[in-house]
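Protein sequence lines correspond, in order, to chains A and B. When we follow the numbering used here, the leftmost residue of the first sequence carries the number 30, and every step to the right adds one. When we follow the numbering used here, the leftmost residue of the second sequence carries the number 707, and every step to the right adds one. Every residue, glycine too, gets a C-beta built ideally from N, C-alpha and C. Written below as structure tokens is the structure these notes are about.
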Amino acid sequence: MAIDAATVRKVARLARIAEPEERLEPLARELSGILNWIEQLNEVDTNGVEPMTSAVHVTLPMREDVVTDGGDPAKVLSNSPKTASNFFVVPKVVE
Amino acid sequence: MSELTSLTLKAALDGLASKSFSSEEITQAHVQAVEAARALNAFVVETPEKALEMAKASDERRARGEAGPLDGAPLGIKDLFCTEGVESTAASKILKGFKPTYESTVTANLFRDGAVMLGKLNMDEFAMGSSNETSAWGPVVNPWRAEGGNAQLTPGGSSGGSAAAVAADLCLGATATDTGGSIRQPAAFTGTVGIKPTYGRCSRWGVVAFASSLDQAGPMARTVEDTAILLKSMSGHDPKDSTSLPVEVPDFPSFVGKSVKGLRVGVPKEYRVEGMPPEIEKLWQQGIDWLKEAGCEIVEVSLPHTKYALPAYYIIAPAEASSNLARYDGMRYGLRVDGSNLTETYEQTRAQGFGDEVKRRILIGTYVLSAGYYDAYYLKALKVRRRIADDFDQAFEKVDALLTPTAPSAAFALGENSDDPIAMYLNDIFTVTVNLAGLPGMSVPAGVDANGLPLGLQLIGRALDEGTLFSLGGAIEKAADFRAKPAKWW
Chain A
30 MAIDAATVRK
40 VARLARIAEP
50 EERLEPLARE
60 LSGILNWIEQ
70 LNEVDTNGVE
80 PMTSAVHVTL
90 PMREDVVTDG
100 GDPAKVLSNS
110 PKTASNFFVV
120 PKVVE
Chain B
707 MSELTSLTLK
717 AALDGLASKS
727 FSSEEITQAH
737 VQAVEAARAL
747 NAFVVETPEK
757 ALEMAKASDE
767 RRARGEAGPL
777 DGAPLGIKDL
787 FCTEGVESTA
797 ASKILKGFKP
807 TYESTVTANL
817 FRDGAVMLGK
827 LNMDEFAMGS
837 SNETSAWGPV
847 VNPWRAEGGN
857 AQLTPGGSSG
867 GSAAAVAADL
877 CLGATATDTG
887 GSIRQPAAFT
897 GTVGIKPTYG
907 RCSRWGVVAF
917 ASSLDQAGPM
927 ARTVEDTAIL
937 LKSMSGHDPK
947 DSTSLPVEVP
957 DFPSFVGKSV
967 KGLRVGVPKE
977 YRVEGMPPEI
987 EKLWQQGIDW
997 LKEAGCEIVE
1007 VSLPHTKYAL
1017 PAYYIIAPAE
1027 ASSNLARYDG
1037 MRYGLRVDGS
1047 NLTETYEQTR
1057 AQGFGDEVKR
1067 RILIGTYVLS
1077 AGYYDAYYLK
1087 ALKVRRRIAD
1097 DFDQAFEKVD
1107 ALLTPTAPSA
1117 AFALGENSDD
1127 PIAMYLNDIF
1137 TVTVNLAGLP
1147 GMSVPAGVDA
1157 NGLPLGLQLI
1167 GRALDEGTLF
1177 SLGGAIEKAA
1187 DFRAKPAKWW
């Protein structure tokens, strides 16, 4: 299935990646090429096949619901672009 | 000092144990080799002071009689592994300057056993690529060149830095990761050995995530035995990774050199793809003959869904990547590019922080997961994945392992495939099935092509049966007697 520039704009918005107008057409062509190649999966009969969601047959282990880590704000914040008194500083969300 | 850098890991460990040389000496030799090889661009961060400090501590441990199984051996670490206090960027601008405050489980295991870290190895950005050209820090150059040529070749990807560093004798071994072939294809392109173990064998904790249901760490080294020694240290159950398998780690090195007599080895007919170079076809046949001579029974098997593995992978891996890479939002770590509001800040940060291939995959992943397309693409791919895994299950009722080529070509020139994403994706045609099924796969150097470039053979095993791969890999290594080395030009 071919996708157009408007779809690329929408998907880029969903992915929170700014794509300049002039990149939308070339990206639509590239992505359509890849998706057309993927279309061959429709040749495979998958009726009644259980989707494979994990590469190993294990049940996820449970653990005690206790705190095992924390109490080290300096470590948590050490790679932050902007901090103030033990908090992350982020752009204003609510006016 | 060059004789110290050309030792195998096993010989180096023996030399350290017999006190023929110290860790400081062998580490210093490697530090110099790394410095002299900057033209390869294999390392993105060199940590010579840390290396020599670790070497000194290792020598002290050995003097006290407390040496571990890898004590004093200098290794390279792929930049996908978080290393405490040492910049870890996954070769992406979005993580420039990121210094983890924790150590990945795999590197912690290696250091627990005494390994010395020389630095961080270059790779494709977020491990997305087959040629190392998507690295934000420039491509790695393969130490191998075609005979009579001086064109720069790719070392493969994504673990291109690991492969080049091992091939050029810059380290005794390296960590690597494999999501669709990223250990095995570079191993084939550089005449080195690489194994992707069973999914869940090595902890993914502290490894920058690309596609979580496919990602698996493994070692690269110059011999099968060396990879066995490294994998033994890297593996083990880790409660911090819920998909880490709670199973015993076998003594992998003990499988190398074991007789392979009576083992049944399958040759999947679907791997004879159109346009495969005759040299690779010939090498494959040679591999079959070697294993026959070693006493294996060769059985033709069918894996009918092989051709659908790559298209399924290019839904599943980007879907998981689009979700995993959502964390790079410029708020808590990494790059932040300020916009006029929050959304613009996210969008600009990600636009400037990610490279083209990473963006392409995030967009595909976002598209196939978006409302209205989830069933047609993502769910379909998961069902095809099941059929691919079922193919292997059926084959393994008849055989103990499979033998295939590792890659459809020898190393190609940098720039050769970079404008055609699908041509690039086809590099993983023989390796990607193994990731989808969660099985172990190994690449062993088996010969050179007409241009003198290395070619590899792949062995695929049952889940948790790396041992058989080490035995068969050892048999191929012995028969191939691959001794070619790249001529030093760097």
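Residue i versus residue j: straight-line alpha-carbon distance, rounded
i, j, result
"Val913 of chain B", "Glu831 of chain B", "13 Å"
"Trp846 of chain B", "Thr860 of chain B", "Correcting the residue identity first, residue 846 of chain B is Val in this sequence and not Trp. Those two C-alpha atoms are separated by around 7 Å."
"Arg928 of chain B", "Ile67 of chain A", "37 Å"
"Leu1219 of chain B", "Tyr1131 of chain B", "Lying before the first or after the last residue shown, residue 1219 of chain B is absent from chain B, which here runs from 707 to 1196."
"Gln1100 of chain B", "Gly972 of chain B", "11 Å"
"Ser836 of chain B", "Asp1062 of chain B", "14 Å"
"Pro1017 of chain B", "Ile800 of chain B", "28 Å"
"Thr896 of chain B", "Ala870 of chain B", "7 Å"
"Arg92 of chain A", "Phe1060 of chain B", "36 Å"
"Ala745 of chain B", "Trp1196 of chain B", "6 Å"
"Asp819 of chain B", "Leu1178 of chain B", "27 Å"
"Gly62 of chain A", "Arg52 of chain A", "15 Å"
"Leu715 of chain B", "Ala779 of chain B", "7 Å"
"Thr813 of chain B", "Thr904 of chain B", "18 Å"
"Gly1045 of chain B", "Pro49 of chain A", "15 Å"
"Met707 of chain B", "Ala742 of chain B", "Unreliable placement is indicated for Met707 of chain B, whose pLDDT of 46 sits below 50; no coordinate value is reported for it."
Member of the options whose CA lies at the smallest distance from the CA of residue i
i, options, result
"Tyr1079 of chain B", "B:Leu1048, B:Ala1025 and B:Gly1045", "B:Ala1025"
"Phe1031 of chain B", "B:Glu1053, B:Ile1068, B:Val971 and B:Ala718", "Correcting the residue identity first, residue 1031 of chain B is Leu in this sequence and not Phe. Comparing Cα positions, the closest option is B:Ile1068."
"Ser724 of chain B", "B:Trp990, B:Gly963, B:Ile1022 and B:Gly771", "B:Gly771"
"Gly774 of chain B", "B:Ser939, B:Val792 and B:Tyr905", "B:Ser939"
"Lys104 of chain A", "B:Ala761, B:Arg768, B:Leu969 and B:Thr807", "B:Thr807"
"Phe1098 of chain B", "B:Asp1081, B:Ala1113, B:Ala1129 and B:Val1140", "B:Val1140"
"Arg1189 of chain B", "B:Arg768, B:Tyr1084, B:Asp1126 and B:Ala1152", "B:Ala1152"
"Arg970 of chain B", "B:Val1007, B:Ala769 and B:Ala857", "B:Val1007"
"Gly1167 of chain B", "B:Asp1187, B:Ala1186, B:Arg1092 and B:Ala1143", "B:Ala1143"
"His1011 of chain B", "B:Ala1095, B:Val1043, B:Pro956 and B:Ile1004", "B:Ala1095"
"Glu1183 of chain B", "B:Ala1169, B:Ala1087, B:Asp1126 and B:Leu1161", "B:Leu1161"
"Leu1109 of chain B", "B:Phe1136, B:Gly906, B:Ala1116 and B:Leu1120", "B:Phe1136"
is_contact[residue i, chain B] using C-beta, thresh 9 Å
i, result
"Glu18 of chain A", "The requested residue 18 of chain A does not occur in the structure, where chain A is confined to residues 30 to 124."
"Glu59 of chain A", "yes"
"Gly62 of chain A", "yes"
"Val95 of chain A", "no"
"Pro102 of chain A", "no"
"Ser109 of chain A", "yes"
"Ala47 of chain A", "yes"
"Asn71 of chain A", "yes"
"Glu68 of chain A", "yes"
Beta-carbon proximity of residue i to residue j, cut-off 9 Å
i, j, result
"Leu1165 of chain B", "Val1150 of chain B", "yes"
"Lys826 of chain B", "Gly782 of chain B", "yes"
"Ala1057 of chain B", "Ile46 of chain A", "yes"
"Val792 of chain B", "Met823 of chain B", "yes"
"Ala84 of chain A", "Thr949 of chain B", "yes"
"Ala923 of chain B", "Thr883 of chain B", "yes"
"Gly1180 of chain B", "Glu931 of chain B", "yes"
"Gly867 of chain B", "Asn747 of chain B", "yes"
"Arg864 of chain B", "Ala833 of chain B", "In the sequence as displayed, the identity of residue 864 of chain B is Ser instead of Arg. Yes, they are a contact pair."
"Ser990 of chain B", "Ala1185 of chain B", "Reading the sequence as shown, one finds Trp at residue 990 of chain B and not Ser. No, Cβ-Cβ distance for Trp990 of chain B and Ala1185 of chain B is not below 9 Å."
"Gly886 of chain B", "Val1090 of chain B", "no"
Span of the beta strand (DSSP E) around residue i
i, result
"Ala1218 of chain B", "Lying outside 707 to 1196, the shown extent of chain B, residue 1218 of chain B is not represented and no answer is given."
"Val1150 of chain B", "Gly1147 to Val1154"
"Asp884 of chain B", "Gly879 to Asp884"
"Arg970 of chain B", "Arg970 to Pro974"
"Gly825 of chain B", "Val822 to Leu827"
"Glu772 of chain B", "Where Glu772 of chain B is concerned, there is no enclosing beta strand (DSSP E), given that its DSSP letter is neither H nor E."
"Gln991 of chain B", "Where Gln991 of chain B is concerned, there is no enclosing beta strand (DSSP E), although the alpha helix (DSSP H) it sits in stretches over Pro984 to Glu999."
"Gly1198 of chain B", "Missing from the structure shown is residue 1198 of chain B; chain B here goes from 707 to 1196 and no further."
"Pro1255 of chain B", "As shown, chain B starts at 707 and ends at 1196. That puts residue 1255 of chain B outside it, with no answer to give."
"Ile1166 of chain B", "Pro1160 to Gly1167"
Proximity test, Cβ basis, 9 Å: residue i and chain A
i, result
"Lys1191 of chain B", "no"
"Gly1036 of chain B", "yes"
"Tyr1083 of chain B", "yes"
Extent of the continuous alpha helix (DSSP H) to which residue i belongs
i, result
"Phe895 of chain B", "Arg890 to Thr896"
"Leu1142 of chain B", "Val1138 to Ala1143"
"Arg52 of chain A", "Glu50 to Ile67"
"Leu746 of chain B", "Counting along the chain, Leu746 of chain B falls outside any alpha helix (DSSP H), and DSSP gives it neither H nor E."
"Ile800 of chain B", "Looking at the DSSP string, Ile800 of chain B is not in any alpha helix (DSSP H), and its letter there is neither H nor E."
"Ser935 of chain B", "According to the sequence provided, residue 935 of chain B is Ile. The question's Ser does not apply to it. Residues Val930 to Met940."
"Lys1191 of chain B", "It is not in any alpha helix (DSSP H) - Lys1191 of chain B carries neither H nor E in the DSSP assignment."
"Lys39 of chain A", "Ala34 to Leu43"
"Ile1022 of chain B", "Ala1015 to Asn1030"
### Task
Select from the region 835–858 of chain B all residues with a C-beta closer than 7 Å to any C-beta belonging to chain E, and list them in chain order.
The question asks about chain E, but that chain is absent: this structure's protein chains are A and B.
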